[in-house]
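Asker:
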Amino acid sequence: MTTIRAIRGMSDILPDESERWQYLERTVAGVLASYGYGEIRLPIVEQTALFRRSIGEVTDIVEKEMYSFDDRNGESLTLRPEGTAGCVRAAIQNSLLGTVQRLWYSGPMFRYERPQKGRQRQFHQIGAEVFGVVTPEIDAELILMTARLWRALGVAEHVELQVNSIGNSASRQAFRAALVEYLSAHHAALDEDSQRRLLSNPLRILDSKHPGTQAVLTHAPLLADYLDDESKADFVRVRELLDAAAVPYVVNPSLVRGLDYYNKTVFEWVTDRLGAQGTVCAGGRYDSLVEQLGGKPTPGIGFAMGKERLVLLLEALEAAPAAVPAVDVYAVNSGGGAEIAAFTALETLRSALPGLRIVQHTGGGSFRSQLKKADKSGARWALIWGDDEVANATVTVKSLREQAEQVALPLAELAGFLQRGTAS
Ligand code: ATP
Ligand code: MG
Numbered sequence: 001m002t003t004i005r006a007i008r009g010m011s012d013i014l015p016d017e018s019e020r021w022q023y024l025e026r027t028v029a030g031v032l033a034s035y036g037y038g039e040i041r042l043p044i045v046e047q048t049a050l051f052r053r054s055i056g057e058v059t060d061i062v063e064k065e066m067y068s069f070d071d072r073n074g075e076s077l078t079l080r081p082e083g084t085a086g087c088v089r090a091a092i093q094n095s096l097l098g099t100v101q102r103l104w105y106s107g108p109m110f111r112y113e114r115p116q117k118g119r120q121r122q123f124h125q126i127g128a129e130v131f132g133v134v135t136p137e138i139d140a141e142l143i144l145m146t147a148r149l150w151r152a153l154g155v156a157e158h159v160e161l162q163v164n165s166i167g168n169s170a171s172r173q174a175f176r177a178a179l180v181e182y183l184s185a186h187h188a189a190l191d192e193d194s195q196r197r198l199l200s201n202p203l204r205i206l207d208s209k210h211p212g213t214q215a216v217l218t219h220a221p222l223l224a225d226y227l228d229d230e231s232k233a234d235f236v237r238v239r240e241l242l243d244a245a246a247v248p249y250v251v252n253p254s255l256v257r258g259l260d261y262y263n264k265t266v267f268e269w270v271t272d273r274l275g276a277q278g279t280v281c282a283g284g285r286y287d288s289l290v291e292q293l294g295g296k297p298t299p300g301i302g303f304a305m306g307k308e309r310l311v312l313l314l315e316a317l318e319a320a321p322a323a324v325p326a327v328d329v330y331a332v333n334s335g336g337g338a339e340i341a342a343f344t345a346l347e348t349l350r351s352a353l354p355g356l357r358i359v360q361h362t363g364g365g366s367f368r369s370q371l372k373k374a375d376k377s378g379a380r381w382a383l384i385w386g387d388d389e390v391a392n393a394t395v396t397v398k399s400l401r402e403q404a405e406q407v408a409l410p411l412a413e414l415a416g417f418l419q420r421g422t423a424s
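In terms of the numbering used here, the sequence shown opens at residue 1 and continues consecutively.
#1: Could you spell out the range, first to last residue, of the beta strand (DSSP E) harbouring residue 109?
#2: Thinking residue 126 and residue 280 are a contact (beta carbons under 8 Å), I'd like their distance in whole angstroms, please.
#3: Have a look at residue 270 and residue 171 and give me their C-alpha separation to the nearest angstrom.
#4: If you reduce the DSSP assignment to three classes, tell me which class residue 394 lands in.
#5: How many Å lie between residue 48 and residue 184 at the Cα?
#6: Would residue 240 be called buried (16 or more neighbouring beta carbons within 10 Å of its own) or exposed?
#7: How would you write the range of the alpha helix (DSSP H) that residue 152 sits in, first residue to last?
#8: Following the continuous alpha helix (DSSP H) through residue 43, name the residue where it begins and the one where it ends.
#9: How about residue 332 and residue 276: do their beta carbons lie closer than 8 Å?
#10: Applying the criterion that 16 or more other CB atoms from any shown protein chain within 10 Å of the CB defines a buried residue, is residue 146 buried or exposed?
#11: Is it the case that the CB of residue 159 approaches a heavy atom of the ligand ATP more closely than 7 Å?
#12: Can the beta-carbon of residue 326 be found closer than 8 Å to that of residue 350?
#13: Taking residue 211 as part of the alpha helix (DSSP H), name the residues at either end of that continuous run.
#14: Would you kindly report the start and end of the unbroken alpha helix (DSSP H) that includes residue 451?
#15: Below 8 Å between beta carbons: does that hold for residue 213 and residue 205?
#16: Say whether the segment 109-125 touches the segment 85-97, bearing in mind that this needs 3 or more beta-carbon pairs closer than 8 Å, one atom from each stretch.
#17: Skipping 5 residues on each side, what residues in its chain have a beta carbon closer than 8 Å to that of residue 367?
#18: Helix, strand or coil for residue 283 per DSSP?
#19: Once you ignore the five residues that flank residue 9 on each side, which residues in its own chain have a CB closer than 6 Å to its CB?
#20: If the criterion is Cβ atoms closer than 8 Å, does the pair residue 321 and residue 23 meet it?
#21: Please determine, among 103, 329, 62, the residue with the shortest C-alpha to C-alpha distance to residue 449.
#22: Between residue 154 and residue 317, which are expected to be in contact by the criterion C-beta below 8 Å, what is the C-beta distance as a whole number of angstroms?
#23: Should residue 119 be listed as close to the ligand ATP, given that the test is whether its C-beta is under 7 Å from any heavy atom?
#24: Straight-line CA distance for residue 131 to residue 301?
#25: Let me make sure I understand the geometry here. Which of 58, 165, 106 has the alpha-carbon closest to that of residue 193?
#26: Along the chain, where does the beta strand (DSSP E) that runs through residue 30 open and close?
#27: Does DSSP put residue 70 in a helix, a strand or coil?
#28: Where residue 274 and residue 403 are concerned, what is the direct C-alpha to C-alpha distance, given to the nearest angstrom?
#29: With a threshold of 7 Å, establish whether the CB of residue 123 neighbours any heavy atom of the ligand ATP.
#30: Are there any heavy atoms of the ligand MG lying less than 7 Å away from the beta-carbon of residue 258, as far as the coordinates show?
#31: Got a sec, what are the start and stop residues for the beta strand (DSSP E) residue 270 sits in?
#32: Under 8 Å by Cβ, that's how I've got residue 406 and residue 397 pegged, so tell me the actual separation to the nearest angstrom.
#33: When DSSP labels each residue in this structure, what does residue 205 get in the three-state scheme?
#34: Can you tell me whether residue 340 is buried or exposed? The criterion is at least 16 other CB atoms within 10 Å of its CB, across all chains shown.
#35: What would DSSP say about residue 318, mapped onto helix, strand or coil?
#36: To the nearest whole angstrom, what separates the beta carbons of residue 289 and residue 261, a pair I think is in contact under 8 Å?
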């Protein structure tokens, strides 16, 4: 029989690695809470139309990366490729938009991409969105929050902030026309992808990595020269606020982002420690998206960070705390009445010390082989139940990590003993 394997680009995260994931999630949740962001939990599946309308028809995601399928009733559904669209949908549907909203979400996203290090088909993001703030201090707040996050995670020295303004839709249209005119004159020097994008999504050519295309781009018109006055002024303000907070950044004039809904401020955090998949967090403003999805006009801004890439970065920098053994106590017994005594005593112990991680040996075997397993588990103590312990209502505690005599304790003293032990 052939064995069934996971889908290409969709990975299992094993207990060893999940320590690092939990550290990331805990740390991010703490920082988001400290800025007053509330968690929103969203469905993984949405109507396909939601993503077509928000991300844009001629983007890579909608053209070739979505996992879409027909529901049993014929309705077209899609596994979410990103979180912003669903969050906006939920904010409209649940009438959240009357007041300023600071929201965050976390979970899996799906894109049919070529799997490689830091690029999966099922990947995971933590994202934040703010609705209802038109002024640029919120742009700066979001960026400061991410900067704090990198400090909290211990990766701040290895990420660089890139910012740009892509203006309003009129200024982008004027720029697009100038860019298309210029690039059309150099059509032959462009890579195939960029030639195709010239017709569909020319702004995306700006972040092409192709050397020939890059060479052509050095003399291309600059988006900055086409910005409307408001976008320009807001971008100046964002930079002032970043300067005031002493958050370093570089202005990257070719930063455009791959989704259609962005305007004004866009930003990315990039690391050089992960090879080609170096962007760990990306976001920007999207002031027309709410209206585009049927809500009353409400400005929005947000970002999403890729958890796989951040976990890889934590690993590369050895920035996460060392994996701790998942067990504190491993209990062994000689079967029969001793097994029952252990069972009930361990339940009492779990109630008394809810933080203690207790594993009861299963499957029998000699004390010798059970104690071997206790040692391998990484536990600090073995608890031993045999005939003597049952007869005397005691338990024997054996320290597995320190040189100490094993002691027989009355059951009533067990919790106190282990508690003093964990405190030391
Ligand atoms: P990239 O240019 O790397 O494809 P993107 O611009 O498509 O990224 P966004 O849609 O802005 O990415 O998503 C925000 C973040 O989510 C990215 O910066 C990255 O960290 C992460 N991310 C995006 N796609 C993937 C993927 N396929 N696998 C792992 N992480 C991803
Ligand atoms: Mg992408």
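Every residue, glycine too, gets a C-beta built ideally from N, C-alpha and C.
Answerer: Looking at the coordinates:
#1: In the sequence shown, the residue the question calls residue 109 occupies position 109. If you look at residue 109, you'll find it in the beta strand (DSSP E) that goes 101-110.
#2: For the purposes of this step, residue 126 is identified with residue 126 of the sequence shown, where counting begins at 1. For the purposes of this step, residue 280 is identified with residue 280 of the sequence shown, where counting begins at 1. Contact flag wrong, Cβ pair sits at about 11 Å.
#3: Counted from its first residue, the sequence shown places residue 270 at position 270. Counted from its first residue, the sequence shown places residue 171 at position 171. Note on geometry: alpha-carbon atoms of residue 270 and residue 171 lie some 27 Å from one another.
#4: Against the sequence shown, residue 394 aligns to sequence position 394. In the structure shown, residue 394 sits in a strand (DSSP, three-state: E or B).
#5: Translated into positions along the sequence shown, residue 48 becomes position 48. Translated into positions along the sequence shown, residue 184 becomes position 184. Rounded to whole angstroms, residue 48 to residue 184 spans 34 Å at the Cα level.
#6: Working through the sequence shown from its first residue, we reach residue 240 at position 240. Exposed.
#7: Against the sequence shown, residue 152 aligns to sequence position 152. Run containing residue 152: 137-153, per the alpha helix (DSSP H) assignment.
#8: The residue given as residue 43 occupies position 43 in the sequence shown. Element bounds for residue 43: n/a, residue is neither H nor E.
#9: Here residue 332 is taken as the residue at index 332 of the sequence shown, counted from 1. Here residue 276 is taken as the residue at index 276 of the sequence shown, counted from 1. Cβ distance not < 8 Å, so residue 332 and residue 276 don't count as in contact.
#10: Within the sequence shown, numbered from 1, the residue matching residue 146 stands at position 146. Around the C-beta of residue 146, 16 or more other C-beta atoms lie within 10 Å, and the residue is accordingly described as buried.
#11: For the purposes of this step, residue 159 is taken as residue 159 along the sequence shown, with counting starting at 1. No, Cβ of residue 159 sits at least 7 Å from all heavy atoms of the ligand ATP.
#12: Locating residue 326 in the sequence shown gives position 326, counting from the first residue. Locating residue 350 in the sequence shown gives position 350, counting from the first residue. Not in contact: residue 326 and residue 350 (Cβ atoms no closer than 8 Å).
#13: On the sequence shown, position 211 is the one that residue 211 refers to. 211-217 is the span of the alpha helix (DSSP H), which, as asked, contains residue 211.
#14: With the chain represented from 1 up to 424, any question about residue 451 goes unanswered, as that position is not in the structure.
#15: The residue given as residue 213 occupies position 213 in the sequence shown. The residue given as residue 205 occupies position 205 in the sequence shown. The answer is yes: Cβ separation under 8 Å.
#16: no
#17: Within the sequence shown, the letter at position 367 stands for residue 367. Counting only Cβ-Cβ distances below 8 Å, and skipping sequence neighbours, we find 332, 334, 384, 386.
#18: Locating residue 283 in the sequence shown gives position 283, counting from the first residue. In the structure shown, residue 283 adopts extended strand secondary structure according to DSSP, grouped into three states.
#19: Here residue 9 corresponds to residue number 9 of the sequence shown, with the count starting at 1. Only 115, 120, 121 meet the Cβ criterion.
#20: As a first step, residue 321 must be located in the sequence shown, where it is residue number 321. As a first step, residue 23 must be located in the sequence shown, where it is residue number 23. Yes, the pair counts as a contact, with Cβ atoms nearer than the cut-off.
#21: In this structure the chain extends from 1 to 424, so residue 449 is not present and cannot be described.
#22: Taking the sequence shown and counting its residues from 1, the one referred to as residue 154 is at position 154. Taking the sequence shown and counting its residues from 1, the one referred to as residue 317 is at position 317. Contact flag correct, Cβ pair sits at about 7 Å.
#23: Along the sequence shown, read from residue 1 onward, the residue named residue 119 stands at position 119. Yes.
#24: The sequence position of residue 131 within the sequence shown is 131, counting from 1. The sequence position of residue 301 within the sequence shown is 301, counting from 1. Computed Cα separation, rounded: 7 Å.
#25: Residue numbering aside, residue 193 sits at position 193 when the sequence shown is read from its first letter. Checked all of 58, 165, 106; the closest Cα to residue 193 is 58.
#26: Within the sequence shown, residue 30 is the residue found at index 30, counting from 1. Where residue 30 is concerned, there is no enclosing beta strand (DSSP E), although the alpha helix (DSSP H) it sits in stretches over 15-34.
#27: As a first step, residue 70 must be located in the sequence shown, where it is residue number 70. Residue 70: strand per DSSP, three-state reduction.
#28: Your numbering for residue 274 matches position 274 in the sequence shown. Your numbering for residue 403 matches position 403 in the sequence shown. Their Cα atoms are separated by approximately 44 Å.
#29: Indexing the sequence shown from 1 puts residue 123 at position 123. Yes, since a heavy atom of the ligand ATP falls inside the 7 Å radius drawn around the Cβ of residue 123.
#30: By 1-based counting over the sequence shown, the position of residue 258 is 258. Yes, since a heavy atom of the ligand MG falls inside the 7 Å radius drawn around the Cβ of residue 258.
#31: As a working mapping, residue 270 is identified with position 270 in the sequence shown. Looking at the DSSP string, the run of the beta strand (DSSP E) that includes residue 270 is 263-270.
#32: Start at 1 with the first residue of the sequence shown, and residue 406 comes out as number 406. Start at 1 with the first residue of the sequence shown, and residue 397 comes out as number 397. The pair is a contact, with the Cβ atoms about 6 Å apart (cut-off 8 Å).
#33: What you label residue 205 is simply residue 205 of the sequence shown in a count that begins at 1. Helix.
#34: By one-based count along the sequence shown, residue 340 stands at place 340. Exposed, because fewer than 16 other Cβ atoms sit within 10 Å of the Cβ of residue 340.
#35: Walking along the sequence shown from the start, residue 318 turns up at place 318. Looking at residue 318 - three-state DSSP - the assignment turns out to be coil, as it is neither helix nor strand.
#36: Here residue 289 is taken as the residue at index 289 of the sequence shown, counted from 1. Here residue 261 is taken as the residue at index 261 of the sequence shown, counted from 1. Going by Cβ atoms, the distance from residue 289 to residue 261 rounds to 4 Å, so yes, they are a contact pair.
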